[in-house]
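Participant:
In the numbering used here, the protein residues as written are 39 to 356.
#1: Report yes if the CB atom of residue 233 is closer than 8 Å to the CB atom of residue 277, and no otherwise.
#2: Please work out which residues of its chain come closer than 7 Å, Cβ to Cβ, to residue 313, disregarding the five sequence neighbours upstream and downstream, and give them in chain order.
#3: Please list the terminal residues of the continuous alpha helix (DSSP H) segment that includes residue 243.
#4: Would you list the one or two residues that DSSP bridges to residue 276?
#5: Could you have a look at residue 103 and say whether DSSP puts it in helix, strand or coil?
#6: What is the rounded straight-line gap between the Cα of residue 309 and the Cα of residue 333?
#7: Within a Cβ cutoff of 8 Å, which residues of the same chain sit near residue 248, ignoring the five residues on either side of it in sequence?
#8: Would you list the one or two residues that DSSP bridges to residue 96?
#9: If you drop the 5 nearest sequence neighbours on each side, which residues of the same chain put their C-beta closer than 6 Å to that of residue 179?
#10: Nearest to residue 359 by alpha carbon, out of 73, 134 and 214?
#11: Specify the secondary structure class of residue 229 as computed by DSSP and reduced to three states.
#12: Can you give the beta carbon distance from residue 337 to residue 256, rounded, assuming they're within the 8 Å contact cut?
#13: Looking only at its own chain, which residues have a Cβ that is under 8 Å from the Cβ of residue 107, when we skip the five neighbours before and after it?
#14: Excluding the five sequence neighbours on either side, which residues of its own chain have a C-beta within less than 8 Å of the C-beta of residue 235, listed in chain order?
#15: Residue 161 by DSSP, collapsed to three states: which one?
#16: Rounding to the nearest angstrom, what Cα-Cα distance links residue 157 and residue 116 in this structure?
#17: Select from 349, 328 and 245 the residue whose C-alpha is nearest the C-alpha of residue 112.
#18: Taking buried to mean at least 16 other C-beta atoms within 10 Å of its own C-beta, is residue 243 buried or exposed?
#19: Output the distance between the C-alpha atoms of residue 292 and residue 173, rounded to the nearest integer angstrom.
#20: Using a 10 Å radius around the Cβ and a threshold of 16 neighbouring Cβ atoms, would you call residue 253 buried or exposed?
#21: Let me confirm a value: residue 191 is counted as buried when at least 16 other C-beta atoms fall within 10 Å, else exposed. Which label applies?
#22: State the Cα-Cα distance for the pair residue 258 and residue 272, rounded to the nearest angstrom.
#23: On the premise that residue 212 lies in contact with residue 302, defined as a C-beta separation below 8 Å, what is that separation, rounded to the nearest angstrom?
#24: Quick one, are the C-beta atoms of residue 160 and residue 224 less than 8 Å apart?
#25: In whole angstroms, what separates the C-alpha of residue 261 from that of residue 131?
#26: Taking its Cβ as the centre, do 16 or more other Cβ atoms sit within 10 Å of residue 73, making it buried, or is it exposed?
#27: Using 10 angstroms around the beta-carbon of residue 361, count the other beta-carbons present and answer buried if the total reaches 16, otherwise exposed.
#28: Of the residues 228, 82 and 69, which one's Cα is nearest the Cα of residue 166?
#29: To the nearest angstrom, report how far apart residue 238 and residue 195 are at their CA atoms.
#30: Among the residues of its own chain, which have a CB less than 6 Å from the CB of residue 143, if the five just before and after it don't count?
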């Protein structure tokens, strides 16, 4: 009996050894496959972020070598009036644009849900503006929202409404930019349309039988079910709005533009760009970049915490 089991006992360490070698081999293969992503992350993400942290602690004008100044750039941030102006403009624009984009996206998605065979055409039509270069959108803003002969004011004039000076009146600059941001909601429309198609029809029928109207079915049945898609869009649009740059810069700051109300359109990313590449205050701009990073992280963390209460996932998970 002992001689029969002895060979089996001797082979177990060898089996475990082969399994361990196989696991290590699989690990090396997996590492090989993900190495392009790892290299890209280190080169294009991790290193630039760490180098920006270093530059934020220096006085650097791109031409001369950086000189270490400690936290001086951050102290200067606290006393810069234009920082406050840029942050205020950015937050106001974000609070206006994110709800507007979500409302328009959801409305278009609900309409597409009823489009039947034409839904494919309209999905493409709504998404194509997303492919428009942001610089072109900035130029388009000046053409459509010109206070004297812009197409939007011409349209309002048909109804006897005297349109405002969208590009010169500081009170209407940000609303005009919000209107132009609606030009590129196509991606959000597609995401919400996919979520709407997953809403169980039997739940809507049950609510209809209970006497719920269209609005109550939308608010109490549809919106909770598609809340994960809504949450994703809100987070992505919020981050994008906090970093708004191209359209506003093209319309109000590009090519030495001094005709329009620049202060009302001075977003944080624009002021950061000016400090870095117009005034060559690269160390100060790096400190601004780190402040924006912290702001985005804090805002996103708040949204994540709120999502635990308001976002409902299938299967009861939150």
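Beta carbons are placed, not taken as given, at the ideal position from N, Cα and C, and that holds for glycine.
Facilitator: Walking through what the data contain:
#1: no
#2: 319, 322, 323 and 326
#3: 239–247
#4: According to DSSP, residue 276 bridges with nothing at all.
#5: coil
#6: Between residue 309 and residue 333, the C-alpha separation is close to 16 Å.
#7: Same-chain partners within the cutoff: there are none.
#8: 106
#9: 218 and 289
#10: Outside the displayed range of the chain (39 to 356) lies residue 359, so it cannot be described from this structure.
#11: helix
#12: About 27 Å separates the two Cβ atoms, so there is no contact after all.
#13: 95, 96, 97 and 321
#14: 151
#15: helix
#16: 51 Å
#17: The shortest Cα separation from residue 112 among 349, 328 and 245 belongs to 328.
#18: exposed
#19: 10 Å
#20: exposed
#21: buried
#22: Straight across, the Cα-Cα distance linking residue 258 with residue 272 is about 19 Å.
#23: The C-beta distance from residue 302 to residue 212 rounds to 6 Å, short enough to fall under 8 Å.
#24: no
#25: 25 Å
#26: exposed
#27: Here the chain has residues from 39 to 356 only, and residue 361 is not among them.
#28: 228
#29: 44 Å
#30: 223, 226, 227 and 230
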